[in-house]
Amino acid sequence: MPNNHLTIAIDGPVASGKTVVGKEVSKILKIRFLDTGIMYRALSVAAINETISPYDEIELSKVAKTIVVEFDSTNNLAKSIKVNGYDVTSSLRNPEVNKLVSTISKIPEIREILVTNQRELSKHHSIIMVGRDIGTNVLKSASHKFYLEASPDIRAQRRFSELNSSSGITLDQVLKDIKHRDTLDSTRSHAPLKKASDATLINTDYLNIEQTVAIILKSIKCR
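What follows is the structure in structure tokens.
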């Protein structure tokens, strides 16, 4: 595998497999992994805890500048994320955060602040970043770019299987939520979800995690 500085961008819609695939590639290559979505979630946690309106761009921008991601030196994953000095890692997946994050992540000023933070993280360490605008915006000059796609039905099945059976959420609801998120992500005015022109497209409808990881590793090794 290459020993030079690697910046690997993996983009795709919600539940396309970006995070689990990215983590596996990170483990094999022994480089850092960051799901950029956790930064928007961290800001959402702070907004809830500090009762900041999701439309108060001035206050949200101030808080966004305090976000710090700390990496675990043993597995290269983000071990904690702090906002205003407080560790919010355990609250990132709360239901309230799920409802708020799509609203906050649409704000151009917030995205610019967090993108600057993400770029800084890539300067001194090889890293895999996953998100929705990594290859097109965050790391335009990434050494390797991939775009994972899968049909809404397949993605809904995957996300539904991850949910606790006591959640009470139906498959139809999950599918509806995914389609709604797709629309929000692909139509936002600032850095919408789309495949970078130089990204390798991987359709994961009929691929498992290991097969997808193998395709990515082969592509990296061949360059």
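So the sequence shown is residues -2 to 220, counted in this note's numbering. Just so you know, even glycine gets a beta-carbon here, dropped at the ideal spot from N, CA and C.
Exercise. By Cβ distance below 8 Å, which residues in the same chain neighbour Gly82 in space, the five residues on each side in sequence not counted?
Worked result: Taking the sequence shown and counting its residues from 1, one reaches residue 82 at position 85. Counting only Cβ-Cβ distances below 8 Å, and skipping sequence neighbours, we find Thr63.
For this session: For Leu198, name the three-state secondary structure that DSSP assigns.
Result: In the sequence shown, residue 198 corresponds to position 201, counting from 1. Leu198 sits in a strand when the DSSP states are folded into three classes.
For this session: Using the DSSP secondary-structure output, state which residues sit across from Gly249 in a beta bridge.
Result: Because the chain here runs from -2 to 220, residue 249 falls outside it and cannot be looked at.
For this session: Following the continuous alpha helix (DSSP H) through Arg152, name the residue where it begins and the one where it ends.
Result: Along the sequence shown, one-based indexing puts residue 152 at 155. Counting along the chain, the alpha helix (DSSP H) containing Arg152 begins and ends at 149 to 159.
For this session: Taking the CB atoms as reference points, tell me whether Val18 and Ile206 lie closer together than 8 Å.
Result: Numbered from 1 along the sequence shown, position 21 holds the residue referred to as residue 18. Numbered from 1 along the sequence shown, position 209 holds the residue referred to as residue 206. A contact, by the Cβ cut-off of 8 Å.
Exercise. Given a threshold of 16 other Cβ atoms within 10 Å of its Cβ, counted over all protein chains shown, does His141 qualify as buried or as exposed?
Worked result: For the purposes of this step, residue 141 is identified with residue 144 of the sequence shown, where counting begins at 1. Here His141 is buried. Its C-beta has 16 or more other C-beta atoms within 10 Å.
Exercise. Relative to the alpha-carbon of Ser164, which residue among Pro92, Glu21, Leu198, Ala75 has its alpha-carbon at the smallest distance?
Worked result: On the sequence shown, position 167 is the one that residue 164 refers to. Relative to the Cα of Ser164, the nearest Cα in the group Pro92, Glu21, Leu198, Ala75 belongs to Pro92.
For this session: Would you identify the three-state DSSP class for Ile28, choosing helix, strand or coil?
Result: Here residue 28 refers to the residue found at position 31 when the sequence shown is read from its first residue. Annotated three-state conformation of Ile28 is coil, per DSSP.
Exercise. Taking all protein chains shown into account, do 16 or more other C-beta atoms lie within 10 angstroms of the C-beta of Thr113, making it buried, or fewer, making it exposed?
Worked result: In the sequence shown, the residue the question calls residue 113 occupies position 116. Thr113 should be labelled exposed.
Exercise. Between the segment 43 to 50 and the segment 144 to 158, do at least 3 Cβ pairs fall closer than 8 Å?
Worked result: Because the criterion of three Cβ pairs below 8 Å is not met, the segment 43 to 50 and the segment 144 to 158 do not touch.
For this session: Determine the DSSP secondary structure at Ser216, reduced to helix, strand or coil.
Result: Taking the sequence shown and counting its residues from 1, one reaches residue 216 at position 219. Three-state DSSP puts Ser216 in a helix.
Problem set entry | Cβ-Cβ distance between Asp32 and Val127 below 8 Å | Here residue 32 refers to the residue found at position 35 when the sequence shown is read from its first residue. Here residue 127 refers to the residue found at position 130 when the sequence shown is read from its first residue. For Asp32 and Val127, yes; Cβs fall inside 8 Å.
Problem set entry | Extent of the continuous alpha helix (DSSP H) to which Val42 belongs | Counted from its first residue, the sequence shown places residue 42 at position 45. First-last of the alpha helix (DSSP H) with Val42: 34 to 46.
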